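Let me begin by presenting the structure, written as structure tokens, before commenting on it.
In mature numbering (1 follows the signal peptide of the UniProt record, and there is no 0), the protein residues as written are -32 to -1, 1 to 559.
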């Protein structure tokens, strides 16, 4: 992100959360290759756990574990955890009403899949506690959980509940939670600092929460919640870093932060009809994140409530917003002497070095203003931000809903729509001359006036890139994306020039795939009226057209052919594997 230097007088605001978290970024350690005690039942797991010593590994047999209540408990040591892992990552399937509980210290669970189930009663699927014994210094990694929902949307369950302290959830994939209850919760039933780490995960979507009658429910559908209002004025120190959040539409608070001094850093938020909300608690940092809404309805980015937060170096684009609550950066009015579960005043917040581009709703000041919510933001600085409107010009760059707000502006460049306030020192209304890079991100050009104003080109540049699915999630899912079609031949992946697709119930692949996998001879191209494919005395001729029903089709200059019809006509074999790795489809071609 843009690496601006905050002015010296604001540096003290940044220092308290400069925490070093001692977690490896590797998706899995040596445990995936370490031999161990093999188990095939829950009772065998329990027996092995009773005997386990620091450094021991227990290996779950590949296959389906239906209605399995898996319990991992014990006392490992630093660098010598007790590990429960899948025999093959991604090949141990917990189904039905299966659950996982982790209690003790230095414990690791690795490589499991939760699918085809989730009908449990008002509890957590995975919890970092066993009875009253909470976990510490423990890890959940390389996990996949898909559509693990109860029969009723009104049954409240959570997929992952973090208790204790110094626990980590990493390199995992979560998709399709549709019932009431957050996908992941940091529980703070015992007041104290947590120091949890949530990193390199792919939160691949949850739909709008609806009750059993199909009516929208507006609460308790967060993707991630850190704390509750009860203990929200104490500090959690949870870090949420390098995660991809995509299509999380459950409710307005995709991420609901209800505790203090948390770090939300280096994540990518893609096409979410929701916001990251600093709901309760003080002193959290939201930094170095990408918010890419692409004009999605009801999308927002950052919603600010409380004191001493830092919102810095974020890139926010494509926010349309449905109302005053869903903007790129929204500051909410507070309530005098607020109850813990209401709204505290925005005070002493630093909003610096952010790039807001192509948004309709940009900066909103005083959301929820009313006779009750009467405390406008105060003591807050907006510094070195670049704001360029979407070009529609229907909304001001700064939408002030409460004129009593006390804000300070320093070094900002804003352009492309009505400013929304009277001209003020600290805001230059001038085109900052951003250019669209090949990765779809707007960056300052060498001619940008911001570079001169800030005396540094590096300070004005967005330096990192949005996360892709390949950057996050389980190692055994790398290279695979939800809903896509992949090809294999002779035990190896087949690289395609253009993505396969389905038309009229046929899977269409580039004709080059037939040549690449079978060695067939191809005659004809995108400009021809037909394509001829020959192999070992067998020939098939297909008419080329651009209609969905055509034998062969041309898309983006590439000829596509129906893979099964062609391969079987050439006396070879083709196999279709749906739900490959639970997320994709696989075509296997055998000569």
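Built from N, CA and C at the ideal position, the CB exists for glycine as well. Since the model is a prediction, treat every value here as computed from it, not as a measurement.
Contact fails between the stretch 410 to 423 and the stretch 449 to 466, because fewer than three Cβ pairs, one in each stretch, are under 8 Å apart. Proximity of the stretch 545 to 558 to the stretch 522 to 530 falls short of the contact definition, fewer than three beta-carbon pairs being nearer than 8 Å. If you draw a straight line from the Cα of residue 387 to the Cα of residue 365, it comes to about 5 Å. DSSP places residue 531 in the uninterrupted alpha helix (DSSP H) bounded by 531 to 537. By the Cβ-count criterion, residue 110 is buried, with 16 or more other Cβ atoms from all chains shown falling within 10 Å of its own Cβ.
If you check the CB distance, residue 204 and residue 278 do not come in under 8 Å. In the structure shown, residue 55 adopts coil according to DSSP, grouped into three states. With at least 16 other beta carbons inside 10 angstroms of its own, residue 330 counts as buried. A distance below 7 Å between beta-carbons, with the five flanking residues on each side excluded, links residue 131 to the following residues of its chain, in chain order: 95, 96, 97, 102, 103 and 155. Between the alpha carbons of residue 305 and residue 338 lies a distance of about 15 Å. Secondary structure in the stretch 314 to 372: the beta strand (DSSP E) runs of 3 residues or longer, each lying completely within the stretch, are 318 to 320, 323 to 327, 331 to 335, 348 to 351, 354 to 357 and 366 to 368 in chain order.
DSSP, reduced to helix, strand and coil, places residue 480 within a helical segment of the structure shown.
By the Cβ test, the stretch 82 to 91 is not in contact with the stretch 47 to 57, since fewer than three Cβ pairs between them sit closer than 8 Å. For residue 287, no beta strand (DSSP E) segment is defined, and its DSSP state is neither H nor E. For residue 553, the pairing in a beta bridge is given by DSSP as 453. Fully contained in the stretch 227 to 277 are the following beta strand (DSSP E) runs of length 3 or more, in chain order: 231 to 233, 236 to 238, 243 to 248, 253 to 255, 258 to 260 and 270 to 272.
In the DSSP secondary-structure assignment, residue 61 is bridged to 32 and 81. Distance check between residue 444 and each of 107, 37 and 79 places 79 closest, using alpha-carbon atoms only.
By the neighbour-count criterion, in which a residue is buried when 16 or more other Cβ atoms sit within 10 angstroms of its Cβ, residue 44 is buried. Per the coordinates, the alpha-carbon of residue 423 lies some 14 Å from the alpha-carbon of residue 400. With respect to residue 499, residue 490 sits close: the two C-beta atoms are nearer than 8 Å. Rounded to whole angstroms, the separation of the alpha carbons of residue 313 and residue 375 is 13 Å.
Around the CB of residue 403, fewer than 16 other CB atoms lie within 10 Å, so the residue is classed as exposed. Within the same chain, and ignoring the five residues on either side of residue 332 in sequence, the residues whose Cβ sits closer than 6 Å to its Cβ are 292, 295, 298 and 367. Excluding residues up to 5 positions away in sequence, 126, 190 and 193 lie with their Cβ nearer than 6 Å to the Cβ of residue 150 in the same chain. Residue pairing from DSSP places residue 69 in a beta bridge opposite 39 and 95. Straight-line spacing of the CA atoms in residue 385 and residue 264 works out to 20 Å.
Close CB contacts of residue 166 within its chain, under the 6 Å cut and outside five residues either way in sequence, are with 137 and 208 (chain order). For residue 159, the secondary structure class from DSSP, reduced to helix, strand or coil, is coil. Cα atoms of residue 478 and residue 308: separation of roughly 59 Å, rounded to the nearest angstrom. About 28 Å separates the Cβ atoms of residue 286 and residue 248, ruling out a contact at the 8 Å cut-off. When the alpha-carbon of residue 211 is set against those of 41, 173 and 467, the nearest one is in 173.
In summary, residue 162 is buried, with 16 or more beta-carbon neighbours lying within 10 Å of its beta-carbon over all protein chains present.
By the beta-carbon neighbour count (other beta carbons within 10 angstroms, threshold 16), residue 470 is exposed. Our two residues, residue 343 and residue 135, have alpha carbons roughly 37 Å apart in a direct line. Residue pairing by DSSP places residue 544 opposite 555 in a beta bridge.
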